[in-house]
Amino acid sequence: MKLSTQGQHAIMAMLALAIHDDDGAVRLGDLAAQQGISLSYLEQIFARLRHEGLVEGIRGPGGGYRLSRHADEITLAEIIQAAEDDTVVAMNASHSAALRGQDLVQRMWSDLSGQFYRFMEDITLDSLMEGHELPRKSYRMGETASLIARMFPARELRPGMSHQMAM
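Position in the sequence shown (first residue = 1) + 6 = the numbering used here.
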């Protein structure tokens, strides 16, 4: 369920492509410098994004990468799945183990991972780029999430106590 650094860099790079879509192709060297990461690391991410059909490479002078579809057609879930090719496999493996009833914690992570992924399916690059509010879709609290909520009820903060101190 945790969004890896690779997934974060993929989202930031795709957002940069969306913002500069009207300007033409964006060079990976520029993106790497902007994000403060190595060019070879970003090339690995873009190889996956290209393989999944999210970006296309432009050769020659003024070349680089651009989105293969409009920004309102690309979701964060697609980007994460492409950048972290094992995300869906891990979620499916967790779900299978949870269905066998092997472990409450496994079911909890499976449920939370599924909710995280469904939430990311509702957020497009366009919505981030335009500054739209994130979707306020109501997600049904599953049995595991309800159990966790009962196990760890919300507590009121004492005066002068921050959220991090309360945890």
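The beta-carbon is built from N, C-alpha and C at its ideal position, and this holds for glycine as well.
From a predicted model like this one, the values you see are computed outputs, not experimental measurements.
CA-to-CA distance, residue j to residue i, given in whole angstroms
i, j, result
"S44", "G120", "31 Å"
"V94", "Q12", "Low local confidence applies: a pLDDT of 47 at V94 is under 50, so the model's placement there is unreliable, and no value is given."
"V111", "A88", "26 Å"
"R33", "E127", "27 Å"
"T130", "S46", "27 Å"
"Y55", "D28", "The sequence given here places Leu at residue 55; Tyr does not occur at that position. Near 20 Å, if we compare the C-alpha coordinates of D28 and L55."
"H15", "Q41", "8 Å"
"M114", "D132", "31 Å"
"L9", "G59", "21 Å"
"N98", "F122", "Bear in mind that the predicted position of N98 carries a pLDDT of just 49, short of 50, making it unreliable; the figure below should be weighed with that in mind. Taking the straight line joining both Cα atoms gives about 14 Å."
"E62", "A38", "17 Å"
"D36", "I80", "22 Å"
"L21", "F125", "18 Å"
"P67", "L118", "46 Å"
"S116", "L48", "29 Å"
"Q50", "D109", "35 Å"
"A19", "M135", "12 Å"
For residue j and residue i, believed in contact at Cβ under 8 Å, the rounded distance
i, j, result
"R72", "I64", "6 Å"
"A77", "A24", "4 Å"
For residue i, three-class secondary structure by DSSP
i, result
"E49", "helix"
"L60", "coil"
"G120", "helix"
"L37", "helix"
"G70", "strand"
"A104", "At A104, the pLDDT of 48 sits below 50, so the modelled position is not reliable; the number obtained from the coordinates is stated separately. Three-state DSSP puts A104 in a helix."
Option in the options with minimal Cα separation from residue i
i, options, result
"I17", "E62, G70, E84", "E84"
"F52", "T81, G66, E90", "E90"
"H26", "H57, L118, Q50, G70", "G70"
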